[in-house]
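In our numbering, the protein residues as written are 268 to 338.
Each residue gets a CB set at the ideal place from its N, CA and C atoms; glycine is no exception.
Small disclaimer: the values here were computed from a predicted structure and weren't measured.
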């Protein structure tokens with residue numbers, strides 16, 4: 268019985284770490300998306316900055332959707 272209890276504790280610990288990493292990743296993506304939207308709003312005339320920000324934004328939104336679909 269002790270081996271089973273240890274396995275359950277280890278599994279729960281691993282699942283908890285995975286969930287924490289997943290949530291932190293999503294939080295970081297959301298924060299960066301907010302930053303990029305703010306950069307775009309503040310610098311509408313800077314075409315290079317706008318292009319790069321939009322490219323990163325597209326990538327992050329795709330990544331966010333993929334992560335959310337998997338969970």
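**Request:** For residue 303, count neighbouring Cβ atoms within 10 angstroms of its own Cβ and tell me buried if that reaches 16, exposed if not.
**Result:** buried
**CA-to-CA distance, residue 289 to residue 308, given in whole angstroms** = 29 Å
**Prompt:** My guess is that residue 299 and residue 330 are in contact by the Cβ rule of under 8 Å, so how many angstroms apart are they, rounded?
**Reply:** Not quite, the Cβ-Cβ distance comes to about 10 Å (not below 8 Å), so this is no contact.
**Asked** Quick one: Cα of residue 317 to Cα of residue 311, how far?
**Response** 7 Å
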